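In the working numbering, the protein residues as written are 5 to 90.
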């Protein structure tokens with residue numbers, strides 16, 4: 005059984021991708037199907053994600069907070085709100 009997929013994507017991005025797909029002898033549908041199948045087979049995205057500097061800095065800050073024994077942890081959002089009210 006087949007289904008339709010309707011997505012919004014930048015026009016230039018779509019055109020650039022379709023040019024590459026055409027060079028590979030693929031339709032956009034075939035390329036997206038290959039992407040879905042690879043994602044399922046590998047159980048994750050079929051490529052490495054590269055973080056920008058801002059994200060890398062945020063990860064570093066989070067790791068430092070985890071190491072700090074003075075960092076407060078909350079088991080729920082309600083617990084956090086209660087602490088803020090005190």
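Every residue, glycine too, gets a C-beta built ideally from N, C-alpha and C.
From a predicted model like this one, the values you see are computed outputs, not experimental measurements.
Residue from the options with nearest C-alpha to residue i
{"i": "residue 18", "options": "35, 7 and 6", "result": "35"}
{"i": "residue 39", "options": "56, 54, 55 and 21", "result": "21"}
Residue i, enclosing alpha helix (DSSP H) - first and last residue
{"i": "residue 89", "result": "81-89"}
{"i": "residue 58", "result": "57-71"}
Same chain, Cβ closer than 8 Å to residue i, five either side skipped, listed in chain order
{"i": "residue 43", "result": "49 and 50"}
{"i": "residue 30", "result": "38"}
Contacting residues, own chain, Cβ-Cβ under 6 Å from residue i (five flanking each side not counted)
{"i": "residue 59", "result": "none"}
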